[in-house]
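Data first, discussion second: the structure below is written as structure tokens.
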Amino acid sequence: MCGMCGTSLKRQRYVYVCDGCGTVRVAAAPLEEQIVPQALTLMGQTQGWTRLVVAGAAEGEQPPAEQRAMWWNSVDRDGQRVLLGILVDYIQVDLVCADGQEHFTWITHPQTG
Ligand SMILES: [Zn+2]
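Counting from 265, one number per residue, gives the positions in the sequence shown under this note's numbering.
This is the structure in structure tokens:
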């Protein structure tokens with residue numbers, strides 16, 4: 265989701281772009297790498313794990329952190345996106361200017377309810 269206008273970002277090959285204000289463009293691969301720790305954190309929460317089980321993406325008891333990380337790494341990119349979709353409601357991308365350069369920040373918003 266675009267932090268400036270609230271429009272959902274569209275993935276176009278290697279970047280995410282905003283259809284609304286057109287200003288947010290973020291390379292897809294770095295974004296997806298950045299949110300891995302957040303995804304693992306969400307998987308580590310009882311609520312997040314339960315969500316995966318309910319969605320049929322996982323089963324049984326919540327494994328320890330190391331196994332969750334190994335599991336994540338064993339899933340291909342498309343699969344990781346599916347998992348993220350289960351765990352995360354939306355990702356807010358903000359463009360911030362610092363030191364005369366533009367940087368992106370992203371915040372994951374966990375699924376609720
Ligand atoms: Zn926008």
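Ideal Cβ positions, reconstructed from N, Cα and C, are used throughout, including at glycine.
Here the structure is a predicted model, which means the values were calculated and not measured.
Would you report the Cα separation of residue i and residue j, rounded to the nearest angstrom?
i, j, result
"residue 297", "residue 291", "11 angstroms"
"residue 294", "residue 303", "14 angstroms"
"residue 274", "residue 281", "5 angstroms"
"residue 369", "residue 326", "30 angstroms"
"residue 289", "residue 299", "16 angstroms"
"residue 362", "residue 324", "45 angstroms"
"residue 344", "residue 316", "12 angstroms"
"residue 376", "residue 349", "12 angstroms"
"residue 337", "residue 301", "12 angstroms"
Of all the options the options, which has the alpha carbon lying nearest to the alpha carbon of residue i?
i, options, result
"residue 329", "309, 319 and 285", "309"
"residue 347", "326, 364 and 306", "306"
"residue 266", "276, 353, 301 and 286", "286"
"residue 311", "278, 283, 352 and 369", "352"
"residue 270", "284, 316 and 276", "284"
"residue 341", "365, 272 and 278", "278"
If we cut at 8 angstroms on Cβ distances, does residue i have a partner in chain B?
i, result
"residue 305", "Any reference to chain B falls outside this structure, which holds one protein chain only."
Mind the definition here: the segment 326 to 336 touches the segment 356 to 375 only if three or more C-beta pairs lie below 8 angstroms; say whether that holds. no
So which residues touch the region around ligand 1, with touch meaning a C-beta under 5 angstroms from any heavy atom? 266, 268, 269, 271, 282, 284 and 285
Ignoring anything shorter than 3 residues or poking outside the segment 349 to 376, list the beta strand (DSSP E) runs there in chain order. 352 to 362 and 365 to 374
Report the start-end ranges of each beta strand (DSSP E) in the segment 284 to 351 that is 3 residues or longer and not cut off at the edges. 289 to 291
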